[in-house]
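Numbering (the numbering used here), first residue to last: 24 to 288.
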Amino acid sequence: MQNKTSLVTGASDGIGLECCKILAAKGSNLILVSRRQTLLDEIAATLKTQYPEINCTVIAADLAAPKAAQILFQQVQEQGLEVDFLINNAGLLQNGFFTQLDLAAQESMINVNVLALTSLTHLFANHMASRTGGHILNVASLAAWTPIPNQNVYAATKAYVLSFTQALHDELNASKSGVTVTALCPGYTATKMMDNPDQGGKLLVPAAMLQSPREVAEQGIEACLAGRPTIVTGLANRLTVALTRLLSRMTLAKIAGRYYRSNMQ
Ligand SMILES: NC(=O)c1ccc[n+]([C@@H]2O[C@H](COP(=O)([O-])OP(=O)(O)OC[C@H]3O[C@@H](n4cnc5c(N)ncnc54)[C@H](OP(=O)(O)O)[C@@H]3O)[C@@H](O)[C@H]2O)c1
24 MQNKTSLVTG ASDGIGLECC KILAAKGSNL ILVSRRQTLL DEIAATLKTQ YPEINCTVIA
84 ADLAAPKAAQ ILFQQVQEQG LEVDFLINNA GLLQNGFFTQ LDLAAQESMI NVNVLALTSL
144 THLFANHMAS RTGGHILNVA SLAAWTPIPN QNVYAATKAY VLSFTQALHD ELNASKSGVT
204 VTALCPGYTA TKMMDNPDQG GKLLVPAAML QSPREVAEQG IEACLAGRPT IVTGLANRLT
264 VALTRLLSRM TLAKIAGRYY RSNMQ
């Protein structure tokens, strides 16, 4: 990754922050994107001190805003930066009954999880294909593999990310574009997302079921650089995916619904 440039959305926290640390250690320049400019500036300064050979650029952006992806792409172009590795990681969650959750919050979630991710992939995949190639890592979820009552719009956005990414992987491969795209599917991960009062109810998850954001980021980056279409992190999560192939979608929805209703605070 030396002399390459990676753009990470959701770089201020959780899995995205770990991706930045891993890529900086590999010698990649970074473009850090999220809403909290001051925090991103601090992270960029720390990484620059640790790895003086890399360049860190901060672009504060609300990816739920209209045309956010196009504006971000334009800002990258204006700064003369070429992105070799795009990590579409920024994501929002809403836990609770669909009809009782705030509609605007659910629309923002769709804008970030689906619309911004799709538009950024389109813009940067074209740009990468016109150069020597590149890599795109789209962060989906274990939630992509099954309908989940009480988290249903979130799970649907992640099902979109998984389906979109797997199909695009084949298209880009068939067209010999030199660009690879990978869907990362973490299970429960110990980040702020698991305990964020802005994102609806809190799902109680035993500590043993939580992965660290570091291991999720490592596995995602490794799979993406190896050109794999999909990575489900951890054995327990891969077994869960195997189970989703054996049961009907409504049976899965009933199991998930019972679990979420009895474990949501
Ligand atoms: N944690 C889990 O259990 C889990 C499991 C499976 C998949 N995932 C997925 O992993 C990804 C990262 O989640 P995480 O767990 O690391 O969450 P997190 O700790 O809550 O971090 C979310 C990141 O997204 C950024 N973000 C949120 N809304 C944004 C917006 N409107 N515009 C720009 N940036 C925005 C946040 O930065 P600012 O607040 O500074 O904007 C933050 O950097 C998400 O796509 C999530 O769906 C998480």
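Even for Gly, the Cβ is constructed at its ideal location relative to N, Cα and C.
Coil, strand or helix - residue i by DSSP
i              : result
threonine 155  : coil
serine 186     : helix
glutamine 242  : helix
valine 81      : strand
serine 57      : strand
isoleucine 110 : strand
threonine 137  : Here residue 137 turns out to be valine, not threonine, going by the sequence shown. It is helical.
glycine 280    : helix
threonine 274  : helix
leucine 234    : Reading off the sequence, residue 234 comes out as glutamine, not leucine. Here glutamine 234 sits in strand by DSSP.
threonine 122  : coil
alanine 265    : helix
isoleucine 254 : strand
threonine 214  : coil
serine 200     : coil
asparagine 52  : strand
glycine 37     : helix
valine 162     : strand
valine 31      : strand
alanine 259    : helix
methionine 132 : helix
alanine 91     : helix
Residue i: CB within 6 Å of a non-hydrogen atom of ligand 1
i              : result
valine 135     : yes
aspartate 85   : yes
threonine 170  : Inspection of the sequence shows that residue 170 is occupied by proline rather than by threonine. False, no ligand heavy atom lies under 6 Å from that Cβ.
aspartate 36   : yes
alanine 197    : no
lysine 215     : yes
tyrosine 183   : no
arginine 58    : yes
proline 220    : no
serine 164     : yes
proline 209    : yes
asparagine 112 : yes
glycine 33     : yes
threonine 212  : yes
leucine 140    : no
glycine 39     : yes
leucine 115    : yes
Cβ separation of residue i and residue j, assumed to be a contact under 8 Å, to the nearest whole Å
i              : j                 : result
isoleucine 110 : serine 29         : 7 Å
isoleucine 254 : leucine 207       : 5 Å
leucine 104    : isoleucine 54     : 6 Å
leucine 143    : leucine 95        : 7 Å
proline 236    : threonine 212     : 6 Å
threonine 5    : phenylalanine 187 : Any question about residue 5 goes unanswered here, given that the chain covers just 24 to 288.
aspartate 221  : glycine 157       : Not really, about 33 Å apart at Cβ, beyond 8 Å.
alanine 163    : tyrosine 177      : Between tyrosine 177 and alanine 163 the Cβ distance is about 11 Å, and since that is not below 8 Å, they are no contact.
lysine 135     : leucine 86        : According to the sequence shown, residue 135 is valine rather than lysine. Sure, about 5 Å apart at Cβ, within 8 Å.
Taking 8 Å as the cut-off, does the stretch 244–255 touch the stretch 60–73 (at least 3 CB pairs, one atom from each stretch)? By the Cβ criterion, the stretch 60–73 is not in contact with the stretch 244–255, since fewer than three pairs of Cβ atoms, one from each stretch, lie closer than 8 Å.
Evaluate contact between the stretch 111–129 and the stretch 161–179, counting only Cβ atoms and requiring at least three cross-stretch pairs below 8 Å. Touching, yes.
So does the stretch 31–40 actually touch the stretch 55–64, counting three or more Cβ pairs closer than 8 Å? As far as the Cβ criterion goes, the stretch 31–40 touches the stretch 55–64, which means the pair count is three or higher.
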